[in-house]
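If you count by this note's numbering, then the sequence shown holds residues 3 to 129, one letter each, in order.
Input: a single structure, listed below in structure tokens.
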Amino acid sequence: ILAVLGTMASTKKKLSQLRELWKLPVCASDRLQDFSAESSSRLMDRLANLDALHQFLAPFGTVAEVDKTDGFRVRMRTGEIIHLRPSGNAPELRCYSEASSESRATTIVASVLKRAQAFASQTLEGI
């Protein structure tokens with residue numbers, strides 16, 4: 003924290019300006035409430051197939067790396083991160099995103115959750 007405060011003082015820049023200068027990612031998150039454990043399990047099982055995961059995330063670019071430790075944490079070739087996981091304590095599906103701007107991170111989260119809801123409603127063809 004002191005390094006950041008020192009940099010702010012010496013450069014006379016706001017924290018938001020330093021974030022832009024350092025090209026730090028912006029995070030966004032949201033959830034689908036009343037998304038049953040059964041629906042979450044079906045979605046996670048389906049996305050365990052890498053072809054299905056790539057297809058599910060195709061609107062956001064090309065998948066570069068997948069970590070299945072806690073749901074699916076995916077790094078895209080652009081550097082953006084999409085993390086989709088069932089809640090451990092509520093009937094919810096959670097999505098987190100890291101991107102270069104707040105609007106992009108928010109758009110990714112909203113779109114991923116919309117696709118997950120469509121999957122649960124069986125309206126997302128091919129997945």
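Quick reminder that beta carbons are idealized off the backbone N, C-alpha and C, glycines included.
Cross-strand partners of HIS85 (DSSP beta bridge): ARG75 and TYR98
Secondary structure of LEU26, DSSP reduced to three states: coil
State yes or no: is the beta carbon of THR109 nearer than 7 Å to at least one beta carbon in chain C? The displayed structure is made up of one protein chain only, and chain C is not part of it.
Can you give the beta carbon distance from GLN119 to LEU49, rounded, assuming they're within the 8 Å contact cut? Rounded, the Cβ-Cβ distance is 14 Å, inconsistent with contact.
Do THR80 and ALA30 have their beta-carbon atoms positioned less than 7 Å apart in this structure? no
Does the stretch 90–108 come within contact of the stretch 38–55, defined as at least 3 CB pairs closer than 8 Å? yes
Going along the chain, which residues of its own chain have a beta-carbon closer than 7 Å to the beta-carbon of VAL114, five neighbours each way excluded? ILE84, LEU86 and CYS97
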